[in-house]
Amino acid sequence: MYLLIDAGNTRVKFAGHDGQHWLFEQAEAHDALQLALPACFEPHSVHWLSVADEALNARIASLLGPHAQRMTRVRASAAAAGLRNDYAQPTQLGADRWAAAVGAWHQVQGACLVVSAGTATTVDVISAEGVFEGGCILPGLDMMRAALASGTAALPFAEGRLVARPRNTADAIYAGCLHAQLGAIERMRASLPAGAPLLLAGGAAGVLREHLAEPLVWAPRLVLEGLLQIARSAPVAS
């Protein structure tokens, strides 16, 4: 059995897999971190990644108790689970982007665009030959709105809506931030072969999903799927 952990910027996700099926998933905010493993779940490996600070990483290890001895930290590498990493310095790629890319490649086995819309939004390209070709990072939708609110004297954190011609400040801010997200995604998508799917994950994915064209694959477990594939391809300890 596999225990998989994705420690993101705002939440930590735990999931268990028995080699054939997902057994459980649990998502916890950093300030309310807890873990309750199901009875009789005994992982033979714990694969985890983190973009959080070391204090949170230490809290995760303490929650695992004796299972912490089996922890293997996943970082980006030159290749894993059938995907090659063409980043200029492969180990500098964020572990979450790498795991999402591995998960996407396992699912599609072809050219695709991988979008993770969370605290930050990442938009990454995978080629038909199974190469992670790079991508872009931009502030997430909420971070964009927060930046306008904190960086200006008069603009609020806008709870607006998307309309064709915004005629109030809240709608103008919301529409501008959303168009920035969608524009980055569509510009990156234009570099892929026609018909290549877009795989979408992350906390803000539901908002973006409404405004993106097909082919679109809803893939909320993308990072966890990638962690699973990396764990499966890892050498078995003797």
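Residue 1 is where the sequence shown starts when you use our numbering, and the numbers rise one by one after that. Backbone N, C-alpha and C define an ideal beta-carbon position, used for all residues, glycine too.
Using DSSP with H/G/I as helix, E/B as strand and the rest coil, what is residue i?
{"i": "Gly-8", "result": "coil"}
{"i": "Met-1", "result": "coil"}
{"i": "Ser-238", "result": "Below a pLDDT of 50, predicted positions are generally treated as unreliable, and Ser-238, at 39, falls in that range; the measurement from the model is reported next regardless. Ser-238 falls in the coil class under three-state DSSP."}
{"i": "Asp-96", "result": "helix"}
{"i": "Ser-191", "result": "coil"}
{"i": "Gln-34", "result": "coil"}
{"i": "Gly-226", "result": "helix"}
{"i": "Gln-26", "result": "strand"}
{"i": "Ser-233", "result": "helix"}
{"i": "Val-207", "result": "helix"}
{"i": "Ser-50", "result": "strand"}
{"i": "Ser-62", "result": "helix"}
{"i": "His-17", "result": "strand"}
Figure out for me which residue from the options has the closest Cα to the Cα of residue i.
{"i": "Glu-129", "options": "Leu-212, Ala-196, Glu-214 and Ala-100", "result": "Ala-196"}
{"i": "Leu-23", "options": "Cys-40, Asn-9, Ala-29 and Leu-33", "result": "Cys-40"}
{"i": "Glu-25", "options": "Ala-55, Val-12 and Ala-32", "result": "Val-12"}
{"i": "Gly-6", "options": "Gln-20, Gly-94 and Ala-80", "result": "Per the sequence presented here, residue 6 reads as Asp, with Gly not at that position. It is Gly-94 whose Cα lies nearest to the Cα of Asp-6."}
{"i": "His-211", "options": "Arg-221, Leu-138 and Leu-178", "result": "Leu-178"}
{"i": "Ala-29", "options": "His-21, Gln-20, Arg-59 and Gly-19", "result": "Arg-59"}
{"i": "Leu-33", "options": "Ser-45, Gly-19, Asn-9 and His-21", "result": "Asn-9"}
When the Cα atoms are used, what is the spatial distance from residue i to residue j?
{"i": "Arg-209", "j": "Leu-200", "result": "8 Å"}
{"i": "Leu-216", "j": "Ala-204", "result": "15 Å"}
{"i": "Gly-160", "j": "Ala-175", "result": "8 Å"}
{"i": "Thr-91", "j": "Val-74", "result": "11 Å"}
{"i": "Ala-61", "j": "Ile-230", "result": "20 Å"}
{"i": "His-17", "j": "Leu-141", "result": "31 Å"}
{"i": "Val-163", "j": "Val-114", "result": "27 Å"}
{"i": "Ala-78", "j": "Ala-104", "result": "17 Å"}
{"i": "Ala-213", "j": "Leu-148", "result": "28 Å"}
{"i": "Gly-134", "j": "Val-125", "result": "6 Å"}
{"i": "Arg-187", "j": "Leu-64", "result": "42 Å"}
Apply the 10 Å Cβ neighbour rule to residue i and answer buried if 16 or more other Cβ atoms are within range, or exposed otherwise.
{"i": "Trp-218", "result": "exposed"}
{"i": "Asn-85", "result": "buried"}
{"i": "Gly-183", "result": "exposed"}
{"i": "Pro-193", "result": "exposed"}
{"i": "Pro-43", "result": "buried"}
{"i": "Cys-136", "result": "exposed"}
{"i": "Ala-225", "result": "The displayed chain sequence assigns Glu, not Ala, to residue 225. Buried, since its Cβ has 16 or more Cβ neighbours within 10 Å."}
{"i": "Ala-99", "result": "buried"}
{"i": "Ser-53", "result": "In the sequence as displayed, the identity of residue 53 is Asp instead of Ser. Exposed."}
{"i": "Gln-109", "result": "exposed"}
{"i": "Leu-228", "result": "buried"}
| said: Which runs of the alpha helix (DSSP H) at least 4 residues long sit entirely within the segment 87–172? Give them in chain order. | reply: 95–108 and 141–151
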